[in-house]
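Note sheet for the following structure.
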Amino acid sequence: MIPGFLRRWCRALGLSQTRCAHCLRPFSPLETASGASPATGPGGAAAPLCPECCLLFLPYNGPRCPRCGLPPVEIGTDKQTADASSRPAPLSRCGQCLQEEPPWDGLACYGLYEGALRDALLRLKFGGELSLAPLLGACLLEASRCLPRPDALLAVPQHPAHLRRRGFNQAHELAKALHRLTGLPLRPELLHRVKPAPPQAGLAAAQRRRNVRRAFQAAPDAANLCLWLIDDVMTTGSTLAEACRALRAAGARETRVLFVARTPRRD
């Protein structure tokens with residue numbers, strides 16, 4: 001319990017309340033509703049989430065394909081767990097990964113593309129709410145604990161024409177947030193998108209692969225580096241796979257993909 005004099009002092013200085021990054025309601029970061037402890041968010045650090053919203057941003061630690069992160073069809077948000085330190089339950093590779101080995105060397109993902117996590121990602125990407133990037137970057141930090149430390153971070157790039165229209169790259173905003181949390185070098189110059197493509201939303205897997213074929217070009221400086229490639233959401237993995245192939249062609253030693261949410265299969 002925080003002493004009364006300290007609460008009064010914080011209130012006088014305007015330090016007693018902040019706004020939750022998700023629901024936007026004011027709350028005290030110094031004390032939860034029970035008066036017991038500060039609210040914490042992803043990554044185990046103090047986060048701009050009220051105690052109620054902290055419960056909405058739990059990591060997914062259930063069974064998933066170890067190569068692409070796909071959970072079984074029957075898994076949904078009701079299977080998520082609050083224990084961020086627990087290891088994902090073992091699961092054999094999914095049918096797609098048995099047929100075709102993904103080109104990345106490792107993978108980490110925070111949660112499923114559902115509920116509050118999906119809402120926050122949509123608000124960042126389409127609503128331009130860049131204030132959500134630190135929260136989602138903390139999700140990436142939590143997910144990344146299973147990966148070996150890289151030489152550098154980079155985000156899946158957008159084509160310059162697309163970037164001019166939107167004004168920002170949500171994946172790069174997430175990479176910047178993770179860079180600030182970890183101090184790892186951020187190297188956006190290592191990968192460029194050289195071919196524009198129509199939006200991937202709503203397309204079948206084969207169409208997505210055709211859309212991004214030879215869409216990326218990696219710089220020679222990627223040679224011999226171990227990299228984390230950052231994105232917001234993985235649906236079929238086509239974009240991440242094509243970006244990894246470009247980095248491999250440039251001589252990158254290892255590329256691991258790190259993203260906030262995995263779209264669960266609904267068939």
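For the sequence shown, UniProt numbering gives the first residue as 1, with consecutive numbering after it. Even glycine gets a Cβ: it sits at the ideal position worked out from N, Cα and C. Nothing here was measured: the structure is a model prediction, and the numbers come from that model.
In whole angstroms, what is the alpha-carbon distance linking residue i and residue j?
{"i": "residue 107", "j": "residue 234", "result": "11 Å"}
{"i": "residue 255", "j": "residue 157", "result": "15 Å"}
{"i": "residue 141", "j": "residue 178", "result": "6 Å"}
{"i": "residue 21", "j": "residue 117", "result": "12 Å"}
{"i": "residue 194", "j": "residue 163", "result": "12 Å"}
{"i": "residue 258", "j": "residue 230", "result": "5 Å"}
{"i": "residue 112", "j": "residue 57", "result": "10 Å"}
{"i": "residue 221", "j": "residue 192", "result": "13 Å"}
{"i": "residue 173", "j": "residue 217", "result": "21 Å"}
{"i": "residue 223", "j": "residue 239", "result": "21 Å"}
{"i": "residue 207", "j": "residue 73", "result": "22 Å"}
{"i": "residue 61", "j": "residue 145", "result": "13 Å"}
{"i": "residue 65", "j": "residue 119", "result": "24 Å"}
{"i": "residue 209", "j": "residue 165", "result": "23 Å"}
What does the Cβ neighbour count give for residue i, buried or exposed, with the cut at 16 atoms within 10 Å?
{"i": "residue 95", "result": "exposed"}
{"i": "residue 101", "result": "exposed"}
{"i": "residue 28", "result": "buried"}
{"i": "residue 138", "result": "buried"}
{"i": "residue 237", "result": "buried"}
{"i": "residue 167", "result": "exposed"}
{"i": "residue 183", "result": "exposed"}
Excluding the five sequence neighbours on either side, which residues of its own chain have a C-beta within less than 8 Å of the C-beta of residue i, listed in chain order?
{"i": "residue 23", "result": "50, 52 and 53"}
{"i": "residue 197", "result": "159, 211, 212 and 215"}
{"i": "residue 125", "result": "170 and 232"}
{"i": "residue 219", "result": "189, 190, 191, 192 and 250"}
{"i": "residue 48", "result": "18, 19, 20, 21, 29, 41, 134 and 135"}
{"i": "residue 123", "result": "129 and 132"}
Closer than 6 Å by C-beta to residue i: which residues in its own chain qualify, once you throw out the five before and the five after it? Chain order, please.
{"i": "residue 19", "result": "26"}
{"i": "residue 134", "result": "177"}
{"i": "residue 67", "result": "93, 97 and 102"}
I believe residue i touches residue j by the beta-carbon criterion, under 8 Å. Please report the beta-carbon distance rounded to the nearest angstrom.
{"i": "residue 171", "j": "residue 232", "result": "6 Å"}
{"i": "residue 143", "j": "residue 110", "result": "4 Å"}
{"i": "residue 63", "j": "residue 71", "result": "6 Å"}
{"i": "residue 260", "j": "residue 147", "result": "So it is not a contact: roughly 14 Å between Cβ atoms."}
{"i": "residue 115", "j": "residue 262", "result": "That pair is no contact at about 13 Å."}
Can you list, in chain order, the residues of its chain whose CB lies under 7 Å from that of residue i, leaving out five sequence neighbours each side?
{"i": "residue 225", "result": "151, 152, 252 and 253"}
{"i": "residue 105", "result": "254, 255 and 256"}
{"i": "residue 265", "result": "70 and 73"}
- Message: Between the stretch 140 to 155 and the stretch 179 to 195, can you find at least three pairs of beta-carbon atoms closer than 8 Å?
- Response: yes
- At least 3 beta-carbon pairs within less than 8 Å: the stretch 124 to 139 vs the stretch 242 to 251: No: the two stretches stay apart, fewer than three of their Cβ pairs being nearer than 8 Å.
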